[in-house]
Amino acid sequence: MNYSEIDYKKLINAMKDPVFVIQDGKIVMVNSTLCKISEYSEVELLGSDFRLFIAEEKREDALDYYKKRVAGKDCLPVYESLAVTKTGKTIPVDVEVIPIQFENKPAFQVFVQDISRYKEALKKVQESEERFRFLSQSTFEGIFIHKNGIVLDCNDSFLKMYGFLKEEIVGKDMIETVICESDRKKIAQNIVKKVAKPYIIRAQKKDGSSFIAEIEARNVEYDGEEVRIAAVRDVSERFEMQKEIEETKRKLETLMGNLPGMAYTCLNNPLWEMNYMSAGCKELLGYEPEELINNSVTSYSEIIHDDDREMVWDIIQAAIKKNERFELEYRIITKEGKQKWVWEKGKLVQTGEQEFLEGFINDITLRKKTEEILQQREEQYRTVFNTTGT
Numbered sequence: 251m252n253y254s255e256i257d258y259k260k261l262i263n264a265m266k267d268p269v270f271v272i273q274d275g276k277i278v279m280v281n282s283t284l285c286k287i288s289e290y291s292e293v294e295l296l297g298s299d300f301r302l303f304i305a306e307e308k309r310e311d312a313l314d315y316y317k318k319r320v321a322g323k324d325c326l327p328v329y330e331s332l333a334v335t336k337t338g339k340t341i342p343v344d345v346e347v348i349p350i351q352f353e354n355k356p357a358f359q360v361f362v363q364d365i366s367r368y369k370e371a372l373k374k375v376q377e378s379e380e381r382f383r384f385l386s387q388s389t390f391e392g393i394f395i396h397k398n399g400i401v402l403d404c405n406d407s408f409l410k411m412y413g414f415l416k417e418e419i420v421g422k423d424m425i426e427t428v429i430c431e432s433d434r435k436k437i438a439q440n441i442v443k444k445v446a447k448p449y450i451i452r453a454q455k456k457d458g459s460s461f462i463a464e465i466e467a468r469n470v471e472y473d474g475e476e477v478r479i480a481a482v483r484d485v486s487e488r489f490e491m492q493k494e495i496e497e498t499k500r501k502l503e504t505l506m507g508n509l510p511g512m513a514y515t516c517l518n519n520p521l522w523e524m525n526y527m528s529a530g531c532k533e534l535l536g537y538e539p540e541e542l543i544n545n546s547v548t549s550y551s552e553i554i555h556d557d558d559r560e561m562v563w564d565i566i567q568a569a570i571k572k573n574e575r576f577e578l579e580y581r582i583i584t585k586e587g588k589q590k591w592v593w594e595k596g597k598l599v600q601t602g603e604q605e606f607l608e609g610f611i612n613d614i615t616l617r618k619k620t621e622e623i624l625q626q627r628e629e630q631y632r633t634v635f636n637t638t639g640t
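Now the structure itself:
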């Protein structure tokens, strides 16, 4: 975890939908909603196979999809699956997968949408059209029925979402009425499919404003003829949150990159295993961040001067024991073999079951050399003074 990941965790915890991050096939970050819905604790989820809460009959499909995404093959960004909780309860879900960088390595950010209500509505349509009308009014999703794009019926959630009265929308061409012009071609391409898996469009309200919508649709029998039923979900919050996450990460990375030193987060162990190092790492240590993160090439402990290594450990552990910030000066050996003096300040941070060190390291070699020169001059002065005095 790093500064940006800390903010990222706060942001995803504010989201109503379950969110998690997959890296190398393992879960490396989750939000509280996922823990609540899956019935697993954060500790149980972190480090586990990403298929832990996928129903057994869907795990192979999930693995195939993941392998294709890792290989860079063309895949739908959203697919349908079946989740299973710790107690065995199954939940039909839509899964949206977005490639991201997490701790400087490729990863996937996964949004999970519970579509139980939509599935239940579809099932009821197949059993009884009248029962469907009743149930569709109890869902928060906008549901409408159309034939060749002409709206036949819709529920109250759809009307509220778009700002129409029922008489203003029934009988109208839904493509011309509720879809932004830029996405009408996308609707036309999907409307010919018997089953359209979830896809994203920009929807248009009665007042001319727009929002980002996710649409899922299929053909069904209704009033004795084949029509199309579609569910619409407003996912603007999710998209705005994603933009905010990306902007926060960008700003933090820019800030860290401009600092005259190196920000870091690392594990509190003798190797000081790094999870994050800002761009200043290269100038300060001579190493690229990825050479030290997870001890890929070497550990930060190995960079600390042999004569200072034990002292660094003792000072930091003493501060942690007192629940205080630590501040110290010590020597390092850069990748090029050059000795530098550094100043470090940081603290122990705990998030749930995890704890790590978070701090900043700066080059004070010039200051140390200046102090050394001043000390030498002072000693020379004292020698001259004492000699003259005698």
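Residue 640 is where the sequence shown ends in my numbering, and the numbering goes up by one at each step.
Idealized CB from N, CA, C, for every residue including glycine.
Would you mind working out which of the options sits nearest residue i, comparing C-alpha positions?
i	options	result
M411	A463, A438 and N398	A463
P520	Q589, M561 and M491	M561
M512	K493, G536, M491 and E494	G536
I450	V328, E497 and I350	V328
D274	G587, R319 and P268	R319
N518	F576, S459 and V362	F576
A568	K286, G596, R301 and F461	G596
V362	F352, Y368 and P342	P342
T548	V428, P268 and T584	T584
E292	E628, T601, R627 and E629	T601
A312	S331, E603, G421 and K323	S331
R367	D344, E586, L616 and R452	D344
T427	K436, A453 and E346	A453
V269	V347, T615 and E494	V347
S460	K447, Q439, D433 and P448	D433
L598	Q492, G322 and I566	I566
G338	G587, I287, K493 and R483	I287
S546	M524, N405 and Y315	M524
Q680	E574, D556 and N573	Here the chain has residues from 251 to 640 only, and residue 680 is not among them.
Would residue i and residue j qualify as a contact pair, given that the criterion is a beta-carbon distance under 8 Å?
i	j	result
T340	A371	no
Y550	W522	yes
K276	D299	yes
I272	A333	no
L217	C285	Nothing in the structure corresponds to residue 217, since the chain is present only between 251 and 640.
K571	W591	no
Y526	G609	no
L534	I611	yes
G421	V482	no
Can you tell me the Cα-Cα spacing of residue i and residue j, whole angstroms?
i	j	result
V278	Y258	13 Å
A264	E605	21 Å
R381	K373	Low confidence applies here, because R381 scores a pLDDT of 48, under 50, leaving its location unreliable and the question unanswered by this model.
L415	T283	34 Å
I262	N354	19 Å
E431	R309	39 Å
I350	A529	19 Å
F384	D457	Confidence at F384 is low in this model, with a pLDDT of 49, below 50, so its placement is unreliable and the value that follows should be read with caution. Distance between the alpha carbons of F384 and D457 is about 28 Å.
D403	F394	6 Å
D423	S486	24 Å
M251	F352	Because M251 carries a pLDDT of 45, less than 50, the predicted location of this residue cannot be relied on, and no value is offered for it.
F303	V360	13 Å
F489	G587	47 Å
K436	F408	20 Å
I365	D484	13 Å
T615	K260	37 Å
I553	P510	19 Å
K266	K493	16 Å
R627	E496	53 Å
M491	R500	14 Å
E417	N281	42 Å
E603	D314	32 Å
R301	K323	20 Å
Using 8 Å for Cβ pairs, my map puts residue i next to residue j. What's the rounded Cβ distance?
i	j	result
D558	R581	5 Å
E289	T335	4 Å
G413	K455	5 Å
L607	C531	The Cβ separation is near 15 Å, so there is no contact.
A438	I425	7 Å
K447	L578	No, K447 and L578 are not in contact; Cβ-Cβ is about 56 Å, not under 8 Å.
Beta carbon of residue i: closer than 7 Å to some heavy atom of the ligand SAH?
i	result
A481	Absent from the structure shown: the ligand SAH. Ligands present: none.
Does residue i get closer than 8 Å to chain B when you measure Cβ to Cβ?
i	result
R319	Structure shown: chain B not included; a single protein chain is present.
Segment contact, 8 Å Cβ cut-off, at least three pairs: the stretch 434-451 with the stretch 465-480: Contact between the stretch 434-451 and the stretch 465-480 is present, because at least three Cβ pairs lie under 8 Å.
Answer yes if the stretch 473-485 comes into contact with the stretch 390-398, meaning at least three C-beta pairs across the two stretches below 8 Å, and no otherwise. Yes: the two stretches touch, three or more of their Cβ pairs being nearer than 8 Å.
Is the number of C-beta pairs between the stretch 526-544 and the stretch 616-630 that are closer than 8 Å three or more? At 8 Å Cβ cutoff, the stretches do not touch.
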